[in-house]
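Colleague: Encoded as structure tokens, here's the structure I'll be asking about.
There are 2 protein chains.
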Amino acid sequence: MDKTEILKALAHPVRVEFLEWMKEPERHFCDQAHPLEMGICASQFEKRCGLSQSTVSAHLSTLEKARLVKIDRVGQWAFYHRDEKTIAAFLDDLRSTL
Amino acid sequence: MDKTEILKALAHPVRVEFLEWMKEPERHFCDQAHPLEMGICASQFEKRCGLSQSTVSAHLSTLEKARLVKIDRVGQWAFYHRDEKTIAAFLDDLRSTL
DNA sequence: ATCCAATATCGGAGTTTCCCGATATATAGA
DNA sequence: TCTATATATCGGGAAACTCCGATATTGGAT
Numbered sequence: 001m002d003k004t005e006i007l008k009a010l011a012h013p014v015r016v017e018f019l020e021w022m023k024e025p026e027r028h029f030c031d032q033a034h035p036l037e038m039g040i041c042a043s044q045f046e047k048r049c050g051l052s053q054s055t056v057s058a059h060l061s062t063l064e065k066a067r068l069v070k071i072d073r074v075g076q077w078a079f080y081h082r083d084e085k086t087i088a089a090f091l092d093d094l095r096s097t098l
Numbered sequence: 101m102d103k104t105e106i107l108k109a110l111a112h113p114v115r116v117e118f119l120e121w122m123k124e125p126e127r128h129f130c131d132q133a134h135p136l137e138m139g140i141c142a143s144q145f146e147k148r149c150g151l152s153q154s155t156v157s158a159h160l161s162t163l164e165k166a167r168l169v170k171i172d173r174v175g176q177w178a179f180y181h182r183d184e185k186t187i188a189a190f191l192d193d194l195r196s197t198l
């Protein structure tokens, strides 16, 4: 759990927004073809944030490197979901050290 | 309380370190000439982080713009201390939204 | 094999951040 | 007034970040 890397990952509002969207998938991604239990497809974020496909892919990659999300690759899709363990550990650490 | 601005301010380890140091002044700034209750002099950070005076001043300014610290100017000195209200509000917000 | 769809990666332009030394400002003291 | 100290601000170079379109890769379908 690299606190600095996580804080840098959170230093862009789009990435924070992605994490918040993933907290309530049924609310933000109700039109996804695949079941939400599998995670959220990369293209779903693209549709909602107005950024290009490559930019969205880079943001998701940043979140993954910080271990804030996990990826399940199924076929040609990448399903993203929050890594609640890292997020909780980070929040606990921040609360106690900051 | 601008969450994005705060997260950007926290996205540099030196600034996080400054905040953590200020949490325990008697531990980290025991050699300060002025009473610690007044806050921490800018030069105290300079001594401990190995960065130049202007760089330290800029980091402290970033923390202040994000309202994570407050400044008391007395004579030629600037005494910094944590703004616990903003910090607590930020942590609460982060815990509930992230 | 070929085509299409989803995602990742590359290359580059523009912006922001980070750091420094130099200079400005403001106060204190002789 | 002159000097020393503390901090802020300026200017610029280097590095990192952000974004895009183009291209590569991967897997599914025909």
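Protein chains in written order, with the numbering used here: chain A, 1 to 98; chain B, 101 to 198. Backbone N, C-alpha and C define an ideal beta-carbon position, used for all residues, glycine too.
#1: Relative to the C-alpha of K23(A), which candidate in L10(A), I71(A), K65(A), I40(A) has its C-alpha closest?
#2: From T204(B) to T104(B), what does the alpha carbon distance come to, in whole angstroms?
#3: Taking the straight line between their C-alpha atoms, what separation do you get for E46(A) and S52(A)?
#4: Just the Cα atoms here: how many angstroms apart are E26(A) and L168(B)?
#5: Express the C-alpha separation of S143(B) and V174(B) in angstroms, rounding to a whole number.
#6: Assuming A109(B) contacts L160(B) under a Cβ cut-off of 8 Å, what Cβ separation, rounded to an integer in Å, is found between them?
#7: Can you name, in chain order, every residue of its own chain whose Cβ lies under 8 Å from the Cβ of E117(B), other than the five neighbours on each side?
#8: Do R182(B) and L119(B) come within 8 Å of each other at the CB atom, strictly closer than that value?
#9: Could you list which residues in chain B have their beta carbon closer than 8 Å to that of R95(A), in chain order?
#10: Could you give the first and the last residue of the continuous alpha helix (DSSP H) run that contains F129(B)?
#11: Alpha carbon to alpha carbon, how far is H112(B) from I106(B)?
#12: Take A133(B) as the anchor and find which of F190(B), F179(B), V156(B) has the nearest alpha-carbon.
#13: Shortest alpha-carbon distance to R15(A) belongs to which of A66(A), D2(A), Q76(A), F90(A)?
#14: Note down the Cα distance separating M101(B) from A158(B), rounded to an integer number of angstroms.
#15: Give the C-beta separation of L191(B) and L98(A) to the nearest angstrom, bearing in mind that I take them to be a contact with Cβ-Cβ under 8 Å.
Modeller: On the basis of the data shown:
#1: Position 23 of the first sequence, counted from the start, is the residue given in the question as residue 23(A). It is I40(A) whose Cα lies nearest to the Cα of K23(A).
#2: One cannot answer for residue 204(B) here, as it falls past the ends of chain B, which runs 101 to 198.
#3: Indexing the first sequence from 1 puts residue 46(A) at position 46. Indexing the first sequence from 1 puts residue 52(A) at position 52. Approximately 7 Å between the Cα atoms of the pair.
#4: Numbered from 1 along the first sequence, position 26 holds the residue referred to as residue 26(A). Numbered from 1 along the second sequence, position 68 holds the residue referred to as residue 168(B). Approximately 35 Å, taken between the alpha carbons.
#5: As a working mapping, residue 174(B) is identified with position 74 in the second sequence. As a working mapping, residue 143(B) is identified with position 43 in the second sequence. About 14 Å.
#6: One-based indexing of the second sequence puts residue 109(B) at position 9. One-based indexing of the second sequence puts residue 160(B) at position 60. So it is not a contact: roughly 11 Å between Cβ atoms.
#7: The sequence position of residue 117(B) within the second sequence is 17, counting from 1. If we look at E117(B) and ignore the five residues flanking it on each side, its Cβ neighbours are C149.
#8: Walking along the second sequence from the start, residue 119(B) turns up at place 19. Walking along the second sequence from the start, residue 182(B) turns up at place 82. The answer is yes: Cβ separation under 8 Å.
#9: Stepping through the first sequence from its first residue, residue 95(A) is reached at position 95. The answer, in chain order, is L191, R195.
#10: Your numbering for residue 129(B) matches position 29 in the second sequence. That residue, F129(B), is in no alpha helix (DSSP H); it is neither H nor E in DSSP.
#11: Translated into positions along the second sequence, residue 112(B) becomes position 12. Translated into positions along the second sequence, residue 106(B) becomes position 6. Taking the straight line joining both Cα atoms gives about 11 Å.
#12: Translated into positions along the second sequence, residue 133(B) becomes position 33. Residue F179(B) is the option with its Cα nearest to A133(B).
#13: Here residue 15(A) is taken as the residue at index 15 of the first sequence, counted from 1. If we check each option's Cα against that of R15(A), A66(A) comes out closest.
#14: Position 1 of the second sequence, counted from the start, is the residue given in the question as residue 101(B). Position 58 of the second sequence, counted from the start, is the residue given in the question as residue 158(B). Roughly 20 Å separates the two Cα atoms.
#15: As a position in the second sequence, residue 191(B) is number 91, starting the count at 1. As a position in the first sequence, residue 98(A) is number 98, starting the count at 1. Yes, L191(B) and L98(A) are in contact; Cβ-Cβ is about 7 Å, under 8 Å.
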